[in-house]
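In our numbering, the protein residues as written are 4 to 643.
Taking it in order: structure first as structure tokens, then the write-up.
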Amino acid sequence: MYSFDGAVIFSDSLDENLSFRDLKYHNDNIATGVHFRDDEYSKGIIRIYNPTGGIIYESENESKYIKSPSPPENIGNSLLDYDPVPWPFAPFDSMCTVWNHYEQHMSYGTSDWSYLHQGLDMITPINEPTYAVESGIVKCVLTIGGDSHWRLAISPRQNSGWSSGWLYAHLVQNSIQVDVGDTVDIYDYLGDIIYWVEDWGHIHFVEITDSGLVWQYFDNEWGINFNPLLALPSSEDIFPPIFDNIFPGQKFAFSPNQTDMQYLDPDHLTGDIDIIVKIRDYVGTSPWQQPAYELYYWVESIATGDTVYPRTLAQILNHSYDFYSSDLYEPYATLLYKRDSLLVPSNWMDTVRNYYHILTNNNGDSLAELSESQLSFHTADYPDGLYRISVEACDAYDNCTLESMEVIFQNSPDISFDPSPIRDTLIRGETEYRYLTIKNNGTVDLTVELEAVEFNPVDKSGDSDIRVDTEKGNISEPPIILNNWLFISPAADTLPPGDSLIAIIALDATTLSEGNYIGEIDITSNDPDTPAGTVPVNLTVITSGPECNYVVGDVNSSGAYDGPDVTYSVNYFKGGPAPPYSCECTPGNIWHVSGDVNASCSYNGLDVTYGVAYFKGGAGPMPCADCPPIELSRKMILIK
């Protein structure tokens, strides 16, 4: 103890197995916490000094047996040339129950937030002793959030620059046996695991990196180095990962790059796509589902048998990061995994989990960079057709499984139209319009040209220069584009994907004589599968009967057939005025056609009798078949 002027008031030293932990000035005395530890036992001691250095109070707590179990003769080999470390629990060469994997997709079971897990979680009994996996210097002892989050880290060397060391998290605070600056040997007891749920706890284990003699958490220097599973030996995992269907009957899913809630038909893949697979794996005998550790994919053409996209690393869950914070890991979650309202990540407390790996957000190396979310598979780089996408999934112990799916790349315009023949009958002088709908079902612009082609009319005299095309059933020689009666508008157009065109086809009998007219609408487009199409057109032109414009029975030309017309007819036959309308019905025969109501092609007293019976509930009026009214005449002709 020193005075304010620097003079020594008193001093005290401890034996080899004792160390000071805390110092507090209290009621003019000095209270200290002393830790006793040897190879077998640990206990805490409270010692109080008076201002002159005399010990006025000392109390020992219960001792704790901390002797480490005997280490194994050989802990085994690690994976990928990492220096092997023992498991942090006894027995040191036996695999623990892995709960959460390194870079596992972590969520509360919703689509609005998730992050990547930053270490390896192992389930243990509550108060399970934890042991050092490597000798070194304690660099930190701290909590990042209350009693459940106490942790410590040990680096194999002490320096003020950058160094790495193993982190042990979720320890019971008063069980922690070390303090910053202490030297620790491999297999030394460190502390006990605190409870996490009612009947078990867990350790969060990972190698971290930081700078300084003492490692601080909130200085943005605390990073993580690699997947801890790769340094822990095991021979217990012999089962490969398992592929699950993403959608019913669909092994993989495909979405336009960087889109949510949009998934493409595997038989119609177009543009830049993300390829997504759902995989579950298990570490050893743990029942908790894990993501795939390593993924590769490649693409083959079914038509040629060639591998058009080589076997490429899609992801490997062994990335290093320069920071340690779940908030900062959130954007990396959607780099490695798909997350939206259709593909929802599971709750990290669930045993059964959803891991939707994105294969295409990687340039083939083992780095994870946020800019790689822009990457995708470019289907337009390959000809349209049938392809096989293959995916290989491996765990950290090189157990692998293979799955594939056949898909169709389609990056061309795709024309559709109704090729049904157009058949019509018009009275000479009429014009009628038909409509032709053309749609682009493809993924790029469709250019289409439309042409109305007329052929010579049928030569009923048997002219040998005009022949019937047996395939099309129309006149084929010589074709003439006359634009006399068949027209189409527009003549050309460009349709974006999904757009439609309604073309107007005009059948114009204004200048045509009676007869049959044959033509076609020729359709040409840039659709590689349907570059041309034809819609046959057949027009029959007829002439109507006599142009008699009247209402049957309307002899007084009032516009309707009613009782006064019967009276008018009676008066006419008694010498009264003649009906005001007459028509030439059969050449040279002009008569009062409206008075014929019994279809006799004559106007006489029988029509009066027929009309009286009609108005009493008898049969209706009928015109002369040789000269029906114009509107009825047209209907009759068209029916014929």
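All C-beta atoms, glycine included, are put in the ideal place defined by N, C-alpha and C.
Nearest to GLY598 (by Cα), restricted to the options ASP629, GLY591, ASN592 and SER585: As a working mapping, residue 598 is identified with position 595 in the sequence shown. Per the Cα distances, SER585.
At least 3 beta-carbon pairs within less than 8 angstroms: the region 533-542 vs the region 558-571: no
Three CB pairs or more closer than 8 angstroms across the region 359-371 and the region 155-168: no
Neighbourhood of TYR300 by C-beta, 7 angstroms cutoff - its chain only, sequence neighbours within 5 removed: The residue labelled residue 300 in the question sits at position 297 within the sequence shown. Excluding sequence neighbours, TYR300 sits near ILE278, THR315, ALA317, LEU362, ILE392, SER393 and VAL394.
Neighbour flag for ILE12 against chain B, beta carbons, 8 angstroms: Note that chain B does not occur in the displayed structure, where there is just one protein chain.
Own chain, CB closer than 6 angstroms to GLU333, minus 5 neighbours either side, in chain order: Here residue 333 is taken as the residue at index 330 of the sequence shown, counted from 1. Contacts found: TYR118.
N-terminal and C-terminal residue of the alpha helix (DSSP H) that VAL569 is part of: Here the question's residue 569 lines up with position 566 in the sequence shown. VAL569 -> alpha helix (DSSP H) spans 566-576.
ASN541 vs ILE521 beta-carbon contact at 8 angstroms: Here residue 541 is taken as the residue at index 538 of the sequence shown, counted from 1. Here residue 521 is taken as the residue at index 518 of the sequence shown, counted from 1. Their beta carbons are under 8 angstroms apart, which means ASN541 touches ILE521 by this criterion.
Three-state class that DSSP yields for ASP610 in the structure shown: Start at 1 with the first residue of the sequence shown, and residue 610 comes out as number 607. Helix.
CB of LEU298 within 8 angstroms of CB of ALA396, strictly: Your numbering for residue 298 matches position 295 in the sequence shown. Your numbering for residue 396 matches position 393 in the sequence shown. Their beta carbons are under 8 angstroms apart, which means LEU298 touches ALA396 by this criterion.
At least 3 beta-carbon pairs within less than 8 angstroms: the region 111-128 vs the region 197-211: Put simply, the region 111-128 touches the region 197-211. At least three CB pairs are less than 8 angstroms apart.
DSSP three-state assignment for GLY522, whether helix, strand or coil: For the purposes of this step, residue 522 is taken as residue 519 along the sequence shown, with counting starting at 1. Reduced to three states, the DSSP call for GLY522 is strand.
Extent of the continuous beta strand (DSSP E) to which LYS27 belongs: Here residue 27 is taken as the residue at index 24 of the sequence shown, counted from 1. Residues 21-29.
Test item: CB-CB of SER349 and ASP387 under 8 angstroms: One-based indexing of the sequence shown puts residue 349 at position 346. One-based indexing of the sequence shown puts residue 387 at position 384. Taking 8 angstroms as the Cβ cut-off, SER349 and ASP387 do not qualify as a contacting pair.
From LYS142, SER62 and ASP629, residue whose alpha carbon lies closest to that of TYR163: Walking along the sequence shown from the start, residue 163 turns up at place 160. Before going on, a small fix: residue 163 reads as Ser here, not Tyr. That would be LYS142, whose Cα lies nearest to the Cα of SER163.
Whole-angstrom C-beta distance between ILE524 and ILE508, which should lie under 8 angstroms: Stepping through the sequence shown from its first residue, residue 508 is reached at position 505. Stepping through the sequence shown from its first residue, residue 524 is reached at position 521. The pair is a contact, with the Cβ atoms about 6 angstroms apart (cut-off 8 angstroms).
Check whether ARG437 and LEU510 have beta carbons under 8 angstroms apart: Mapped onto the sequence shown, residue 437 falls at position 434. Mapped onto the sequence shown, residue 510 falls at position 507. It is a contact, given that the beta carbons lie within the stated cut-off.
Residue range of the beta strand (DSSP E) that includes VAL554: To locate residue 554, count along the sequence shown from 1; it is residue 551. Run containing VAL554: none; DSSP gives neither H nor E here.
Extent of the continuous beta strand (DSSP E) to which ASP368 belongs: The residue given as residue 368 occupies position 365 in the sequence shown. Element bounds for ASP368: n/a, residue is neither H nor E.
Bridge partner(s) assigned by DSSP for ILE411: Within the sequence shown, numbered from 1, the residue matching residue 411 stands at position 408. According to DSSP, which records beta bridges pairwise, ILE411 is partnered with LEU389.
Contact under 8 angstroms by Cβ, HIS360 with VAL280: To locate residue 360, count along the sequence shown from 1; it is residue 357. To locate residue 280, count along the sequence shown from 1; it is residue 277. Cβ atoms of HIS360 and VAL280: closer than 8 angstroms.
Residue range of the beta strand (DSSP E) that includes PHE203: Position 200 of the sequence shown, counted from the first residue, corresponds to residue 203. Here residue 203 is Trp; the residue named in the question, Phe, does not match the sequence. Here the beta strand (DSSP E) through TRP203 covers 203-214.
Cβ-based burial, THR133 [other Cβ within 10 Å; buried from 16]: In the sequence shown, residue 133 corresponds to position 130, counting from 1. So THR133 counts as buried.
GLU480, DSSP secondary structure in three states: One-based indexing of the sequence shown puts residue 480 at position 477. Reliability of the predicted coordinates at GLU480 is poor, the pLDDT of 49 falling under 50, and no value is obtained from them.
Candidates ALA256, VAL181 and HIS152: closest to PRO172 by CA position: By 1-based counting over the sequence shown, the position of residue 172 is 169. This sequence places Ala at residue 172; Pro is not what is there. Out of ALA256, VAL181 and HIS152, HIS152 has the C-alpha closest to the C-alpha of ALA172.
Separation of LEU429 from VAL600, as counted between CA atoms: As a working note, residue 600 is residue 597 in the sequence shown. As a working note, residue 429 is residue 426 in the sequence shown. Straight-line Cα distance between these residues: approximately 28 angstroms.
Length-filtered (3 minimum) beta strand (DSSP E) runs lying within the region 290-329: 297-304 and 310-319
Buried versus exposed, by CB contacts within 10 Å (16 or more), LEU83: Locating residue 83 in the sequence shown gives position 80, counting from the first residue. The residue is exposed, with fewer than 16 neighbouring Cβ atoms inside 10 Å.
Per-residue burial, VAL558 [other beta carbons within 10 Å of its own, 16 or more giving buried]: Mapped onto the sequence shown, residue 558 falls at position 555. That one is buried.
Straight-line Cα distance separating VAL200 from GLU19: Reading the sequence shown from its first residue, position 16 is the one you call residue 19. Reading the sequence shown from its first residue, position 197 is the one you call residue 200. Each residue's alpha carbon lies about 39 angstroms from the other.
Contact between the region 68-87 and the region 101-116 (3+ Cβ pairs under 8 angstroms): no
Helix, strand or coil at ASN177 [DSSP, three-state]: As a first step, residue 177 is located in the sequence shown; it is residue number 174 there, counting from the start. In the structure shown, ASN177 sits in a helix (DSSP, three-state: H, G or I).
One or two residues paired with GLU406 in a DSSP bridge: Position 403 of the sequence shown, counting from 1, holds the residue named residue 406. The partner list for GLU406 (beta bridge, DSSP) reads VAL394.
CA nearest to the CA of PRO269, picked from PRO251, ASP41 and ARG283: Counting from 1 along the sequence shown, the entry for residue 269 is found at position 266. Nearest C-alpha to PRO269: PRO251.
GLU375 - DSSP class collapsed to helix/strand/coil: Taking the sequence shown and counting its residues from 1, the one referred to as residue 375 is at position 372. It is helical.
Collapsed DSSP secondary structure at GLY226 in the structure displayed: Position 223 of the sequence shown, counted from the first residue, corresponds to residue 226. Looking at GLY226 - three-state DSSP - the assignment turns out to be strand.
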